[in-house]
Amino acid sequence: MGAHDKLVMGEKLHSHRIGDGTGTTGNGIDLSGIKCSISPWTYFKGAIAHCMVWGGLQLGALSPVVTLATYQLLGPRCAVLFLAFAILSVLAPSRHSPAFCRFYLGSAACVGGSTVWVPDKILQLLQGRGYLVCFHPHGILPLGFSFNGALRVKAEAPEQFLPASFNFPKDCNGVQAPVLWRVPFFAPALRMWDACTPATKGNMKKLLAAKAAFGIIPGGSEDVAIHEHGKENVYINSRYGFIKYALQHGYSLILAYTFGENDQFYSLSCLRPLNLWLVKRFGFVLPIFWGKTFFPLLPRGGGLNTIYGRVIHLPTIHDPTFEDLVKWHALYVEELKSMFDEYKVKFGFGDRAGLVVSPGGAMRCGDEVFGVAEGALRSFIESSRWFAALIPRGLSGVEMSSLPTVSLTLAAAMDFGRVVHGDVVVIQAGAGGTGCAALAALRRCGALPMATAKKQCFLRVRCGVQNVSSTRSGQTFLLDFFENLPPRCLGASFMVNSLTHDDFIPRGLSILAPGGRAVELGKLRVWSVQAVNRFREDILYATMLLGRCH
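Read in my numbering, the sequence shown has 151 at position 169, and its numbers run on one by one without any break.
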């Protein structure tokens, strides 16, 4: 049997940052210095490196269009010359250049610095062989994969990009889409990096047979197709290939997530269906994206933080069945979500409260505020005034810092539920933060709340809820609900659900009155809208995450 390891909170995190012109190494879990100060000269050099590499990718992808435009504007000779130069860039031999790797890593200044975070347990594993680092998400450009992976080892003077304590294998590698090696003006960069291999079946088997340590981006081109700025979209549900190869060779999977990857560029999400079709039919994607206003190819910045947060040790199964693939793929997805939930507050958005030290808008220095902010555990943060509010008199920052996410979730759920006086409303897991807030809101609007909770006495005594059932048994919940249902009532008007075990989803949907509404707050094993429509066509259903409801 395989096993999976989780980082225990308080375990030391080793970190190393590039992009500030020096390189910074740190230990511990103090995240106050995630963002670095970058000089204009360092940023300028990084911008040149970024545009040379990724501008070459864009120029190469558009080379047919550029050839036609050159023919129309400058004549056939210039068009033939450009086309010959493009073909030569693909066919001409080039070899590994540590100096070029060093030059490219300087472009981390464009994103505001790039930091890799590794806990003790995983750091020891990274110094060996026979593991596969799975990077998420891809983003528009795989910046986290390139900055915080094998390229640090391949660069000139690697000790500046990776301290001795990390000690990654010198022959570590990565795999990328084979089509990239046929893109003019970008293929030479890949060969000079010598940190990537075309992701063909043969190359994968060679790396696995040699027990090499290498990285992949499981989401691939589909990740690019579903990219949305500011949203953490990951394409993983139908990816079984890397699981199969890892099982056949008994590899360990290291899950790595780059926070800030999807914030570097904007893209046209309306082209998602077209891009998904292109990937399925032709294996490539043509996103339309932009970063900085004054130069769209440059990323917007804000910093990248790649956390190597989970390990899954797979058994060796030479001929895995489909059931084996589904089992281990499900564990992988669950661990990926768990890792994201654990670190999203540290590196993404989270609840916070504090004092204004540099005011903007209507706020003043010294004002006590609460809200949602990026990197909420840092000592100093930058936040838009739209994500902050003044703390009311008589309340402390400790109390208010627990409310933003709960309140936003509740507001979105109640807006969908359209609860009015006299409605019967079911709140699953009512003793949680969102549950308690929902029960208080329901009392104010005159609705009749019915809840489930492990702490049933707490809800009855402290929250004043009379009808409380168990979260352990779905059958007990059904019996208690119908026993306490008011006379001549056809069922609940609204349900907020977060329980997925013991058939709580179908049982909860069955108690809704015709025209009832249900919001799903859970993330694992939830039902899709299509599945609910097949179960009951006379109700409205939505799954909700903070920042998205569909």
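From the three backbone atoms N, C-alpha and C, an ideal C-beta is built for every residue, glycine too.
- Message: Rounded to the nearest angstrom, what separates residue 147 and residue 109 at their Cα positions?
- Response: 9 Å
- N-terminal and C-terminal residue of the alpha helix (DSSP H) that residue 275 is part of: Element bounds for residue 275: n/a, residue is neither H nor E.
- For residue 51, count neighbouring Cβ atoms within 10 angstroms of its own Cβ and tell me buried if that reaches 16, exposed if not. exposed
- Query: Where in the region 232 to 285 do unbroken runs of the alpha helix (DSSP H), each at least 4 residues long, occur, reported from the N-terminal end onward?
  - Reply: 254 to 264
- Any Cβ of chain C within less than 8 Å of the Cβ of residue 320? Structure shown: chain C not included; a single protein chain is present.
- Going straight from the alpha carbon of residue 302 to that of residue 397, what length do you get? 47 Å
- Item | residue 80 - DSSP class collapsed to helix/strand/coil | helix
- Item | Beta-carbon proximity list for residue 419, same chain, < 7 Å, skipping 5 on both sides | 388, 389, 392
- Message: Cutting at 8 Å between CB atoms, please list the residues of its own chain near residue 111, excluding the five before and the five after it.
- Response: 151, 193, 194, 195
- Query: When DSSP labels each residue in this structure, what does residue 534 get in the three-state scheme?
  - Reply: Because the chain spans -17 through 532 in this model, residue 534 falls outside it and cannot be assessed.
- Item | Residue environment, residue -6, which counts as buried when at least 16 other CB atoms sit within 10 Å | exposed
- Between residue 92 and residue 22, what straight-line distance do the alpha-carbon atoms span, to the nearest angstrom? 10 Å
- Task: Output the distance between the C-alpha atoms of residue 198 and residue 154, rounded to the nearest integer angstrom.
- Result: 12 Å
- Could you check what DSSP says for residue 216 in three-state terms: helix, strand or coil? coil
- Item | Straight-line Cα distance separating residue 298 from residue 230 | 6 Å
- Query: Distance, Cα to Cα, residue 182 vs residue 235?
  - Reply: Computed Cα separation, rounded: 19 Å.
- Message: Between which two residues does the alpha helix (DSSP H) holding residue 491 run?
- Response: First-last of the alpha helix (DSSP H) with residue 491: 486 to 492.
- Task: Would you tell me roughly how many angstroms separate the C-alpha atoms of residue 485 and residue 30, rounded to the nearest one?
- Result: Pairing residue 485 with residue 30, the inter-Cα distance amounts to about 57 Å.
- Per the contact definition of three or more C-beta pairs closer than 8 Å, is the region 116 to 129 in contact with the region 67 to 80? no
- Message: Count Cβ pairs between the region 469 to 483 and the region 504 to 511 that sit closer than 8 Å; are there 3 or more?
- Response: yes
- Message: Need the endpoints of the alpha helix (DSSP H) that residue 451 sits in, please.
- Response: Taken as a continuous stretch (DSSP letters only), residue 451 belongs to no alpha helix (DSSP H), being part of the beta strand (DSSP E) at 449 to 451.
- Task: Take every Cβ of the region 412 to 428, pair it with every Cβ of the region 492 to 501, and state whether three or more of those distances are shorter than 8 Å.
- Result: Contact between the region 412 to 428 and the region 492 to 501 is absent, with fewer than three C-beta pairs closer than 8 Å.
- Query: Excluding five sequence neighbours on each side, which residues of the same chain lie with their C-beta closer than 6 Å to the C-beta of residue 292?
  - Reply: 237, 317, 321
- Task: Going by DSSP, name the residue or residues bridged to residue 335.
- Result: 352
- beta strand (DSSP E) containing residue 321: first to last residue? Element bounds for residue 321: not the beta strand (DSSP E) but the alpha helix (DSSP H), 304 to 329.
- Query: Excluding the five sequence neighbours on either side, which residues of its own chain have a C-beta within less than 7 Å of the C-beta of residue 90, listed in chain order?
  - Reply: 0, 1, 28, 96, 129
- Per DSSP, cross-strand counterpart(s) of residue 502: Beta-bridge annotation (DSSP): residue 502 is paired with 479, 525.
- Message: For a minimum of 4 consecutive residues, which ranges assigned as the alpha helix (DSSP H) are wholly contained in the region 144 to 190?
- Response: Fully enclosed alpha helix (DSSP H) runs of 4 or longer: 169 to 175.
- Message: If you follow the beta strand (DSSP E) that residue 434 is in, where does it begin and where does it stop?
- Response: 430 to 434
- Item | Straight-line gap, residue 516 to residue 456 (C-alpha atoms, nearest Å) | 21 Å
- Query: In chain order, what residues of the same chain lie with their CB nearer than 7 Å to the CB of residue 207, ignoring the 5 residues before and after it?
  - Reply: 254, 257, 258, 261, 267
- Query: With respect to the alpha helix (DSSP H) encompassing residue 401, which residues constitute its N-terminal and C-terminal limits?
  - Reply: From DSSP, residue 401 is part of no alpha helix (DSSP H); its letter is neither H nor E.
- Query: Can you name, in chain order, every residue of its own chain whose Cβ lies under 7 Å from the Cβ of residue 379, other than the five neighbours on each side?
  - Reply: 335, 336, 350, 352, 373
- Nearest-angstrom Cα distance between residue 177 and residue 24? Here the alpha carbons of residue 24 and residue 177 stand approximately 24 Å from one another.
- Drop a sphere of 10 angstroms on the beta-carbon of residue -15, count the other beta-carbons inside from all chains shown, and report buried for 16 or more, exposed for fewer. Low local confidence applies: a pLDDT of 46 at residue -15 is under 50, so the model's placement there is unreliable, and no value is given.
- Query: Are the CB atoms of residue 385 and residue 412 nearer to each other than 8 Å?
  - Reply: no
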